[in-house]
Amino acid sequence: MYSKIALGNVKKSLRDFSIYFLTLAVGVALFYSFNSITQQSMVLNLSEDQRRIVQLLSNTISGVSVFLAVIMGFLVVYANQFLIRRRKKEFGMYQILGMTKRNVSKIMSIETLFVGFLALVVGLVAGIFISQFMMFATAHMFNTTLDSFKFVFSQAALIQTVIYFVVMFVVALIFNVTTVSRYKLIDLLNADKVTQTVKVRNLTVSVLLFLASLGIIAYSYTLLQHNGLKQIDEEFAMATALVSVGTALFFFSISGFLLRFMQMQKGFYYKGLHSFILRQFNARVNTAWVSISLVCAMLFVAVCGLGTGFSLVDSLNVSFSKLKTYDVSVSINPGSERSYTPGPADSYDYLSVVQKLDPEWDKTIKNAFQVDTYFAQSDPTTPSFTYSSIDAVTGKRFSDYFTGYSGQEDPAQKNVTLMRASQYNKLRVASGLEPVDFGTDGYMVWTLDTNLTKYWQDSLANNPELTIEGHKLHAVGGTLDIAQTQGGPALMPAFGIVVVADQSFPSSVVLTNSYILGNYQTPGDASETQFQGQIKQYFGDGAVTGSDSDPYSLMLVVTASEYIQSTAGFSGIVTYLALYIGLVLFIACAAILALQQLSEASDNARAYQVLAELGAEKGLASRALFVQIGVYFLFPLLMAAAHATCAMSIMVSVIKSIGNFDVASSIGGVVAVVAALYGGYFLVTFFAARSIIFRGAKRMQ
1 MYSKIALGNV
11 KKSLRDFSIY
21 FLTLAVGVAL
31 FYSFNSITQQ
41 SMVLNLSEDQ
51 RRIVQLLSNT
61 ISGVSVFLAV
71 IMGFLVVYAN
81 QFLIRRRKKE
91 FGMYQILGMT
101 KRNVSKIMSI
111 ETLFVGFLAL
121 VVGLVAGIFI
131 SQFMMFATAH
141 MFNTTLDSFK
151 FVFSQAALIQ
161 TVIYFVVMFV
171 VALIFNVTTV
181 SRYKLIDLLN
191 ADKVTQTVKV
201 RNLTVSVLLF
211 LASLGIIAYS
221 YTLLQHNGLK
231 QIDEEFAMAT
241 ALVSVGTALF
251 FFSISGFLLR
261 FMQMQKGFYY
271 KGLHSFILRQ
281 FNARVNTAWV
291 SISLVCAMLF
301 VAVCGLGTGF
311 SLVDSLNVSF
321 SKLKTYDVSV
331 SINPGSERSY
341 TPGPADSYDY
351 LSVVQKLDPE
361 WDKTIKNAFQ
371 VDTYFAQSDP
381 TTPSFTYSSI
391 DAVTGKRFSD
401 YFTGYSGQED
411 PAQKNVTLMR
421 ASQYNKLRVA
431 SGLEPVDFGT
441 DGYMVWTLDT
451 NLTKYWQDSL
461 ANNPELTIEG
471 HKLHAVGGTL
481 DIAQTQGGPA
491 LMPAFGIVVV
501 ADQSFPSSVV
511 LTNSYILGNY
521 QTPGDASETQ
531 FQGQIKQYFG
541 DGAVTGSDSD
551 PYSLMLVVTA
561 SEYIQSTAGF
571 SGIVTYLALY
581 IGLVLFIACA
591 AILALQQLSE
601 ASDNARAYQV
611 LAELGAEKGL
621 ASRALFVQIG
631 VYFLFPLLMA
641 AAHATCAMSI
651 MVSVIKSIGN
661 FDVASSIGGV
671 VAVVAALYGG
681 YFLVTFFAAR
691 SIIFRGAKRM
701 Q
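Counting from 1, one number per residue, gives the positions in the sequence shown under UniProt numbering.
So, in structure tokens, the structure goes:
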């Protein structure tokens, strides 16, 4: 009998259960699809290193899932609180008809289990379907291929997802039983007569606070832009604190400001049901501004996560294709940290050192050559050619273009890296380019495509004459080489390298780094496997530390394939976590706003019935409800989007100081997710709220 009553209640109140069901189903789908990453990778052509990265990603996602399960558990309890509040009078009637509180709790438990089981099944089916498409995304992230489509099912992800949600249901059941048992019969019967106390604030104060909030937020943006994430200091902390305070003040005062502003627009205010909508919005935000502020903060994290996740992989995969010019790269820090003093321009023959360390080097590697980089300075502590030296000639300011982290030093006082023209031309030939004729006093700049490219373009626009230690140099070869010449994963001129003709190369320089670049005698996986064995045997698994007598302090050996795999793995971890957390937070925010609006709809059913009695048409009242819910959903999203735009523009600038990163490519993906999830919750909320409000308004025409 109780099961029959429970199932009948669910059928009768489908729209009341819609948000609860939707949140559970989407949550289950996300939990399963992301936790099945290990099984997805089984059908991909991944190396052993990549499979280890996938396992690390899987373990990380499992850990994050615990945190996200807590958030989902909170939402389940929050949704059940709405359902109980909505049905208090119904539960009171059950008790009048002779049911005990235990039997009422039994009916609620059956309802919860039925809806939960149905949501679990639907969510798992959707998750299994989504995971099939995620295989292609995983293949794209790891820059590999999927030979043929294979259906993938992860038993481990299924068990893990079921366990998480069974625990949530048990917690929800305990909450339901405890809550219902505490209510007195009189409280249940009079539930629809008890309304929440609405605090009415002074409208003038609200207007002043609203204007102050805009000023505080604008000032915090200015501070953050000035800081540029170059230093995590008092300015950054102040910007963070101010934007938090400004956001809270904004939502504290926005309803009063809108009401006052619209009252001044009499033609608009008294048209249709605008005055009713504004007063309803004012009353709701007055009581929920704290939760709306928290929702805005979560939406900010979600938008940043989704934006980063969608764009990171594409940006990295584009750069990977440029790293395959050299199969092997050796990066060398000259001299021991204990006793060696960096020497003059004539560098050490590190290729012979490498060949001595690895007797099999020449059997595996061909066409290896050495490239060196220098700083111009008369002693180890006194730079003689810095970015400020260039600024003095060009009239530009390096600090205006530099967006990377710089600590407390002036970035313009950084040494400019130098390279000999003869070695640079070796790089050009290896990259399939023609060598540049530097003559006896020529120079040009070699740089990656970063945000500092603009600095070099502006500074060298008029081919200025540079002077290094008395040598006057003129521009050659088009002045600027933007990422045409390749230096492999070890040699990446993110800040730019000034290439100088050998005859004019300064004598008072300090050797900063040396690089050995080469290719396999026989290209292919067999050579990669063989050289990986040599790295483990002769190069300490890729890192060799020099002793007092060695001309190097540290030597790092990496293959292009190994670097691409490890970088792709890192980007995959960051991307999946960003998307996973971002999607769950979006669901959480949308569900919280939806449940608040449905609770408000229950309280305001009488107000809309009064509108009907006063002659308001049903269509007009329905549009009023649509606008009211739409504004409630839209405001925190717009504020979060504004915060995210400011923060991500700065983050992109920082990342572009070392490489290319295009966040614009992710806008379409973010908009699609927002439209699907956030917009979907909005529509479900509107239809459910309309059903609640108009269900008893028989006179609404």
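The beta carbon of each residue, even a glycine, is placed where N, CA and C say it ideally should be.
Worksheet item: How many Å lie between glutamine 532 and leucine 554 at the Cα?
Response: 19 Å
Worksheet item: alanine 605 to glycine 92, Cα distance in whole Å?
Response: Straight-line Cα distance between these residues: approximately 20 Å.
Worksheet item: Which one or two residues does DSSP pair with arginine 420 in a beta bridge?
Response: For arginine 420, the pairing in a beta bridge is given by DSSP as Val500.
Fill in: Contacting residues, own chain, Cβ-Cβ under 6 Å from phenylalanine 250 (five flanking each side not counted)
Ser213
Worksheet item: Got a sec, what are the start and stop residues for the beta strand (DSSP E) methionine 42 sits in?
Response: That residue, methionine 42, is in no beta strand (DSSP E); it is neither H nor E in DSSP.
Practice prompt. Could you give the DSSP three-state label for proline 342: helix, strand or coil?
Written response: For proline 342, the predicted structure reports a pLDDT of 47, less than 50, and the residue's modelled location is therefore unreliable. A value from the coordinates is still provided. Proline 342: coil per DSSP, three-state reduction.
Discussion item. Tell me the residue span of the alpha helix (DSSP H) that contains tyrosine 515.
Written reply: Unbroken run through tyrosine 515 is the beta strand (DSSP E), 509-520; no alpha helix (DSSP H).
Worksheet item: Using the C-alpha atoms, what's the distance from isoleucine 564 back to valine 198?
Response: Reliability fails at valine 198, whose pLDDT of 46 lies under 50, so the model's placement of it is uncertain and no value is given.
Discussion item. Taking the beta carbon of isoleucine 292 as the centre, do at least 16 other beta carbons fall within 10 Å, making it buried, or is it exposed?
Written reply: buried
Fill in: Buried versus exposed, by CB contacts within 10 Å (16 or more), threonine 138
buried
Worksheet item: Roughly how many whole angstroms lie between the Cα atoms of phenylalanine 34 and tyrosine 580?
Response: 7 Å
Item to complete: Could you name the residues of the same chain whose beta carbon sits closer than 6 Å to that of methionine 72, not counting the 5 residues immediately before and after it, in chain order?
Response: Closer than 6 Å at Cβ, skipping near neighbours: Gly27.
Worksheet item: Would you call leucine 7 buried or exposed, if buried means 16 or more other Cβ atoms sit within 10 Å of its Cβ?
Response: Exposed: under 16 other Cβ atoms inside 10 Å.
Discussion item. Assuming the contact rule is C-beta atoms closer than 8 Å, serine 253 and asparagine 282 should be a hit. Round their C-beta distance to whole Å, please.
Written reply: Not quite, the Cβ-Cβ distance comes to about 11 Å (not below 8 Å), so this is no contact.
Worksheet item: alpha helix (DSSP H) containing serine 206: first to last residue?
Response: 203-227
Practice prompt. Output the residue ranges of the alpha helix (DSSP H) runs that lie fully inside the stretch 237-293 and measure 4 residues or longer, sorted by chain position.
Written response: Listed in chain order, the complete alpha helix (DSSP H) runs (minimum 4 residues) inside the stretch 237-293 are 266-269.
Worksheet item: Thinking just about the alpha-carbon of each residue, which of Lys414, Phe438, Ala644 and Val303 is nearest to the one in alanine 675?
Response: Val303
Fill in: For leucine 473 and alanine 345, the rounded distance between their alpha carbons
Any reading at alanine 345 needs caution, since the residue's pLDDT is 42, under 50, leaving its predicted position unreliable; the model's value is listed next. Their backbone Cα atoms lie some 18 Å apart in a straight line.
Fill in: Where methionine 555 sits in the DSSP three-state scheme
strand
Practice prompt. Determine the closest residue to leucine 452 out of Ala412, Gln596 and Gln39, with distance taken between C-alpha atoms.
Written response: The shortest Cα separation from leucine 452 among Ala412, Gln596 and Gln39 belongs to Ala412.
Fill in: Secondary structure of proline 636, DSSP reduced to three states
helix
Worksheet item: Between which two residues does the alpha helix (DSSP H) containing valine 330 stretch?
Response: No alpha helix (DSSP H) holds valine 330; the beta strand (DSSP E) holding it covers 328-334.
Worksheet item: Roughly how far, in whole angstroms, is the beta-carbon of glutamate 469 from the beta-carbon of alanine 376, given that I think they are within contact range, below 8 Å?
Response: 6 Å between Cβ atoms; contact.
Discussion item. So for glutamine 486, helix, strand or coil by DSSP?
Written reply: coil
Worksheet item: Are there three or more Cβ pairs, one per stretch, closer than 8 Å when the stretch 272-289 is compared with the stretch 618-638?
Response: The stretch 272-289, when compared against the stretch 618-638, does touch it at the 8 Å Cβ threshold.
Worksheet entry | Cβ-heavy atom distance, alanine 607 to the ligand FMN, below 7 Å | Because no ligand of any kind appears in the structure shown, any question about the ligand FMN cannot be addressed here.
Worksheet item: Within 10 angstroms of its Cβ, does methionine 168 collect 16 or more other Cβ (buried), or is it exposed?
Response: buried
Worksheet item: Can you tell me whether DSSP reads glycine 477 as helix, strand or coil?
Response: strand
Discussion item. Taking the alpha-carbon of valine 673 as reference, which of Cys646, Leu637, Ser691 and Phe687 has the nearest alpha-carbon?
Written reply: Of the listed residues, the one whose Cα sits closest to valine 673 is Leu637.
Practice prompt. Could you tell me if glutamine 503 is buried or exposed, where buried requires 16 or more neighbouring beta carbons within 10 angstroms of its beta carbon?
Written response: exposed
Discussion item. With a threshold of 6 Å on Cβ separation, who are the neighbours of phenylalanine 424 within its own chain once the five nearest residues in sequence on each side are excluded?
Written reply: Sequence check: residue 424 is tyrosine here, not phenylalanine. Val499, listed in sequence order.
Practice prompt. Taking all protein chains shown into account, decide if aspartate 327 is buried (16 or more other Cβ within 10 angstroms of its Cβ) or exposed.
Written response: buried
Worksheet item: Going straight from the alpha carbon of glutamate 48 to that of threonine 467, what length do you get?
Response: 51 Å
Worksheet item: Under a three-way DSSP split, which group does glutamate 562 fall into?
Response: In this structure, glutamate 562 counts as helix in the three-state DSSP scheme.
Worksheet item: Thinking C-beta only, is alanine 501 closer than 8 Å to glycine 439?
Response: Yes, the Cβ-Cβ distance between glycine 439 and alanine 501 is below 8 Å.
Practice prompt. Have a look at leucine 351 and glycine 542 and give me their C-alpha separation to the nearest angstrom.
Written response: CA-to-CA, the gap between leucine 351 and glycine 542 works out to about 16 Å.
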